[in-house]
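Novice:
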Amino acid sequence: MGTVKNLNKWANAHTYYPLDLLRIALGVFLFIQGTKFLANSQYLVDLIKPMQNMAGSMMMIHYVAPAHLVGGILIAFGLLTRWSVIAQLPILLGAVIINFTGEMHTGNLIMASLTLVVCIFFLFYGSGKHSADYYFKMQQ
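The sequence shown: position 111 = 623 (my numbering), numbered continuously.
(1) Would A577 and L556 qualify as a contact pair, given that the criterion is a beta-carbon distance under 8 Å?
(2) What number of angstroms, rounded off, separates the C-alpha of Y528 from the C-alpha of L628?
(3) Just the C-alpha distance for Q554 and I536, rounded to the nearest angstrom, thanks.
(4) Let me check understanding here. Comparing Cα to Cα, which of A525, G590, G584 and A551 lies closest to A599?
(5) To the nearest angstrom, report how far apart A624 and F541 are at their CA atoms.
(6) Pick helix, strand or coil for Y528, following the three-state DSSP scheme.
(7) What three-state label does DSSP hand N565 in the structure shown?
(8) Could you check if Q545 is buried or exposed, using at least 16 other CB atoms within 10 Å of its CB as the buried criterion?
(9) Tell whether a beta-carbon distance below 8 Å holds between G640 and L533.
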């Protein structure tokens, strides 16, 4: 708990608008990906095809779209950012692994890798000073 408080204090002291815009862009990107997967579920099934024989593959299909939708909204508003990022990490790690086990799509690999790096950054940085978390904390 003390580590999270120290990270929040550091992030609030070193907050910049470009980082907030990056957090919002990440949330919007994840939300758009979630709507793509929800609208075209066959595309998601085709992506997960290399891991079809693994246990929990059907659970993965039903987890990815809602996690991206809800997590994207929460990250964009800066509400429960670290928890939302933690929910995204298994999906993004799976996206990177799928590119190596299945057919290699360079564009998807770069997109998944960049998104993973930005999510790991916000896992440590948090939501920052210009977020719903900060606003609600100041209202107490």
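Even glycine gets a Cβ: it sits at the ideal position worked out from N, Cα and C.
Specialist: Let me lay it out:
(1) yes
(2) 21 Å
(3) 28 Å
(4) G584
(5) 11 Å
(6) coil
(7) coil
(8) With 16 or more Cβ atoms within 10 Å of its Cβ, Q545 is classed as buried.
(9) no
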